[in-house]
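Numbering (the working numbering), first residue to last: 220 to 669.
Built from N, CA and C at the ideal position, the CB exists for glycine as well.
Note sheet for the following structure.
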């Protein structure tokens with residue numbers, strides 16, 4: 220009996236009491252989860268993009284050579300991968316052979332050696348395991364963010380994440396580590412939902428220290444959480460604390476600035492890529508202008524519900540990929556917010572599928588590296604010697620024009636999605652009126668205490 224109660228409590232913690240105790244809903248949850256996990260497990264051993272190997276090569280420098288500063292620009296993410304590599308070192312097959320490959324400074328040679336390794340499938344599976352664990356955690360966090368009194372809608376949110384083709388592609392085929400910072404960011408949002416404003420911003424600062432993208436929603440989080448004028452200064456200070464800590468550590472340990480290195484890197488230039496040139500040196504950056512308009516719009520909303528805040532987060536990340544140069548994994552940042560919206564506005568889901576389809580053509584930007592090379596562990600000869608997408612397209616049309624036409628269509632779809640979300644957000648009294656009742660009540664109690 221005690222054992223039964225124990226597993227019941229675990230089930231309630233994992234999938235909420237309402238879903239766990241409803242036989243129909245719980246069976247559906249198990250079905251979605253099983254299908255999603257099987258899809259993930261299928262792709263984990265067989266596909267990857269070169270950056271995954273680079274991530275673990277930097278971690279190997281720390282684990283096998285003691286070079287702690289192998290990746291000081293993404294220090295927290297590097298530490299996580301280094302600790303994980305150290306922990307799995309005893310179970311890695313042919314660890315001496317693998318370490319030699321990972322420590323090989325010739326990126327092309329090491330990539331070929333890795334793909335030719337007898338144990339490449341097992342190693343790839345182990346390399347992606349942290350992403351799977353955090354992906355599963357994210358599944359159950361997202362469904363708790365909203366729709367507190369509607370388990371059916373919560374289950375739909377779960378379904379839209381666990382079966383999302385973009386999530387599976389980015390994490391298990393493209394194999395990028397953004398899920399780590401997304402997990403931290405969603406934990407911060409969970410705290411924000413229940414008005415734990417300082418802890419929420421502290422966690423968001425940790426997310427910013429891991430990845431650039433949480434900083435895009437930091438101003439919205441501050442506006443949502445700040446109830447008094449002094450809150451703005453305090454919350455902003457807490458929000459940049461993570462970057463200040465990383466900057467101080469980088470100066471003390473490495474003797475150089477991590478923040479200015481990031482500002483001068485190409486990644487920061489991406490948000491400035493869309494611009495209008497005026498006269499001489501005068502230009503207008505489109506993302507900055509549109510981002511400012513979104514922020515002003517949110518500031519002037521009289522009733523700032525948690526769902527409204529999430530809507531603006533979705534619009535922010537869609538705006539980024541619509542107007543800026545981006546890598547495929549960056550689109551993943553919009554998905555946690557979009558899956559919540561799909562439940563209420565199903566047409567957005569079909570536009571998201573269109574985004575995914577267009578993205579597969581936009582990959583041609585980077586040529587073989589992110590197209591046919593993804594299958595190198597399965598058949599390296601095919602990856603190396605088969606005709607790539609760019610030469611094929613060039614036989615009929617300019618590949619640059621073709622991809623840019625597709626990119627323009629992607630921007631059109633993304634901007635239309637922003638419009639649909641904004642239109643849906645205008646009537647804030649209808650946004651999640653049932654689902655956020657409990658969170659709103661908690662907020663009111665907290666404000667009265669304050």
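Subject >> First and last residue of the uninterrupted beta strand (DSSP E) at residue 494 >> reply: Sequence index remark: in the chain shown, residue 494 carries index 275 (1-based). Counting along the chain, residue 494 sits inside the beta strand (DSSP E) bounded by residues 494-496.
Subject >> From 460, 528, 513, 272, residue whose alpha carbon lies closest to that of residue 425 >> reply: Locating residue 425 in the chain shown gives position 206, where the first residue counts as 1. The residue with the shortest Cα to Cα distance from residue 425 is 460.
**OP:** Return the chain-ordered ranges of every beta strand (DSSP E) run that is complete within the region 500-551 and spans a minimum of 3 residues.
**Re:** For the region 500-551, whole beta strand (DSSP E) runs of length 3 or above, ordered along the chain, are 502-504.
Original post:
Alpha carbon to alpha carbon, how far is residue 431 from residue 323?
Top reply: For the purposes of this step, residue 431 is taken as the residue at position 212 of the chain shown. For the purposes of this step, residue 323 is taken as the residue at position 104 of the chain shown. Cα to Cα, residue 431 sits roughly 29 Å from residue 323.
**OP:** Just the C-alpha distance for residue 621 and residue 611, rounded to the nearest angstrom, thanks.
**Re:** The residue you call residue 621 lines up with position 402 of the chain shown. The residue you call residue 611 lines up with position 392 of the chain shown. Going by the C-alpha atoms only, they are around 12 Å apart.
Original post:
DSSP on residue 605, reduced to helix/strand/coil?
Top reply: Taking the chain shown and counting its residues from 1, one reaches residue 605 at position 386. It is coil, neither helix nor strand.
Original post:
In chain order, which alpha helix (DSSP H) runs of at least 4 residues are fully inside the region 285-352?
Top reply: For the region 285-352, whole alpha helix (DSSP H) runs of length 4 or above, ordered along the chain, are 294-307, 314-321, 326-335.
Original post:
Hey, out of 558, 584, 513, 572, whose CA is closest to residue 365's CA?
Top reply: Locating residue 365 in the chain shown gives position 146, where the first residue counts as 1. Residue 365 has its Cα closest to that of 558, out of 558, 584, 513, 572.
Original post:
Closest to residue 562 by CA distance: which of 312, 378, 627 is it?
Top reply: Numbered from 1 along the chain shown, position 343 holds the residue referred to as residue 562. Among 312, 378, 627, the Cα nearest to that of residue 562 is on 378.
Subject >> residue 653 versus residue 503: straight-line alpha-carbon distance, rounded >> reply: Against the chain shown, residue 653 aligns to sequence position 434. Against the chain shown, residue 503 aligns to sequence position 284. For residue 653, the predicted structure reports a pLDDT of 39, less than 50, and the residue's modelled location is therefore unreliable. A value from the coordinates is still provided. Straight through space, the alpha carbons of residue 503 and residue 653 are spaced by roughly 42 Å.
Original post:
Run through DSSP, which three-state label would residue 371 get?
Top reply: What you label residue 371 is simply residue 152 of the chain shown in a count that begins at 1. Helix.
Original post:
Are the region 341-359 and the region 394-410 touching by the rule of at least three beta carbon pairs closer than 8 Å?
Top reply: Yes, since at least three Cβ pairs between the region 341-359 and the region 394-410 fall closer than 8 Å, the two stretches touch.
Original post:
Roughly how many whole angstroms lie between the Cα atoms of residue 246 and residue 581?
Top reply: The residue you call residue 246 lines up with position 27 of the chain shown. The residue you call residue 581 lines up with position 362 of the chain shown. A direct Cα-to-Cα measurement between residue 246 and residue 581 gives close to 38 Å.
Subject >> 8 Å Cβ cutoff met for residue 541 and residue 639 >> reply: By one-based count along the chain shown, residue 541 stands at place 322. By one-based count along the chain shown, residue 639 stands at place 420. No. Outside cutoff.
Original post:
Using the beta-carbon count (16 or more within 10 Å), is residue 249 buried or exposed?
Top reply: Walking along the chain shown from the start, residue 249 turns up at place 30. Around the C-beta of residue 249, fewer than 16 other C-beta atoms lie within 10 Å, and the residue is accordingly described as exposed.
Original post:
Thinking C-beta only, is residue 381 closer than 8 Å to residue 348?
Top reply: As a first step, residue 348 is located in the chain shown; it is residue number 129 there, counting from the start. As a first step, residue 381 is located in the chain shown; it is residue number 162 there, counting from the start. Not closer than 8 Å, so no.
Original post:
Any chance the region 385-400 sits against the region 254-274, with 3 or more Cβ pairs inside 8 Å?
Top reply: Yes: at least three Cβ pairs fall under 8 Å.
**OP:** Within the same chain, show all residues whose beta-carbon is closer than 6 Å to that of residue 648, passing over the 5 residues directly before and after it, in chain order.
**Re:** As a working mapping, residue 648 is identified with position 429 in the chain shown. Interpretation of residue 648 is limited by its pLDDT of 45, a score under 50 that renders its predicted location unreliable; the figure taken from the coordinates is listed afterwards. Counting only residues of its own chain and dropping the five nearest sequence neighbours on each side, residue 648 has no CB closer than 6 Å to any other CB.
**OP:** Measure the beta-carbon distance from residue 409 to residue 363 and round it to whole angstroms, keeping in mind my assumption that it falls under 8 Å.
**Re:** For the purposes of this step, residue 409 is taken as the residue at position 190 of the chain shown. For the purposes of this step, residue 363 is taken as the residue at position 144 of the chain shown. At roughly 7 Å, the Cβ-Cβ gap stays under 8 Å, so residue 409 and residue 363 are in contact.
Original post:
Using a Cβ-Cβ cut-off of 6 Å (strictly less than) and excluding sequence neighbours within five positions of residue 670, which residues of its own chain qualify?
Top reply: Nothing about residue 670 can be read from this structure; the chain reaches only from 220 to 669.
Original post:
Beta carbon of residue 395, beta carbon of residue 548: below 8 Å?
Top reply: On the chain shown, position 176 is the one that residue 395 refers to. On the chain shown, position 329 is the one that residue 548 refers to. Yes.
Subject >> Alpha-carbon to alpha-carbon, residue 530 and residue 415 >> reply: Numbered from its first residue, the chain shown carries residue 415 at position 196. Numbered from its first residue, the chain shown carries residue 530 at position 311. The alpha-carbon atoms of residue 415 and residue 530 are separated by roughly 20 Å.
Original post:
Distance, Cα to Cα, residue 490 vs residue 577?
Top reply: On the chain shown, residue 490 is found 271 positions in, with the first residue counted as 1. On the chain shown, residue 577 is found 358 positions in, with the first residue counted as 1. Cα-Cα distance, rounded: 21 Å.
Original post:
Do you know how far the Cα of residue 326 is from the Cα of residue 319?
Top reply: Start at 1 with the first residue of the chain shown, and residue 319 comes out as number 100. Start at 1 with the first residue of the chain shown, and residue 326 comes out as number 107. Spanning the two alpha carbons is a distance of roughly 12 Å.
**OP:** Please say whether residue 510 and residue 538 have beta carbons closer to each other than 8 Å?
**Re:** As a working note, residue 538 is residue 319 in the chain shown. As a working note, residue 510 is residue 291 in the chain shown. Contact flag set, yes.
Original post:
If you drop the 5 nearest sequence neighbours on each side, which residues of the same chain put their C-beta closer than 6 Å to that of residue 340?
Top reply: Your numbering for residue 340 matches position 121 in the chain shown. Closer than 6 Å at Cβ, skipping near neighbours: 264.
**OP:** Compute the beta-carbon to beta-carbon distance between residue 235 and residue 370, rounded to the nearest angstrom, for a pair I have assumed lies under 8 Å.
**Re:** Position 16 of the chain shown, counting from 1, holds the residue named residue 235. Position 151 of the chain shown, counting from 1, holds the residue named residue 370. About 7 Å separates the beta carbons of residue 235 and residue 370, which is inside the 8 Å limit, making them a contact pair.
Subject >> Start and end residues, alpha helix (DSSP H) containing residue 584 >> reply: The residue given as residue 584 occupies position 365 in the chain shown. Unbroken run through residue 584: none, as it is neither H nor E.
Original post:
Within 10 angstroms of its Cβ, does residue 199 collect 16 or more other Cβ (buried), or is it exposed?
Top reply: Lying outside 220 to 669, the shown extent of the chain, residue 199 is not represented and no answer is given.
Original post:
Applying the criterion that 16 or more other CB atoms from any shown protein chain within 10 Å of the CB defines a buried residue, is residue 534 buried or exposed?
Top reply: Translated into positions along the chain shown, residue 534 becomes position 315. Its Cβ being crowded by 16 or more others within 10 Å, residue 534 is buried.
Original post:
Do residue 423 and residue 440 come within 8 Å of each other at the CB atom, strictly closer than that value?
Top reply: In the chain shown, counting from the first residue as 1, residue 440 sits at position 221. In the chain shown, counting from the first residue as 1, residue 423 sits at position 204. Their beta carbons are under 8 Å apart, which means residue 440 touches residue 423 by this criterion.
Original post:
Can you name the start and end residues of the alpha helix (DSSP H) that residue 266 belongs to?
Top reply: As a working note, residue 266 is residue 47 in the chain shown. From DSSP, residue 266 is part of no alpha helix (DSSP H); its letter is neither H nor E.
**OP:** Alpha carbon to alpha carbon, how far is residue 258 from residue 240? Give it in angstroms, no decimals.
**Re:** Here the question's residue 240 lines up with position 21 in the chain shown. Here the question's residue 258 lines up with position 39 in the chain shown. Between residue 240 and residue 258, the C-alpha separation is close to 27 Å.
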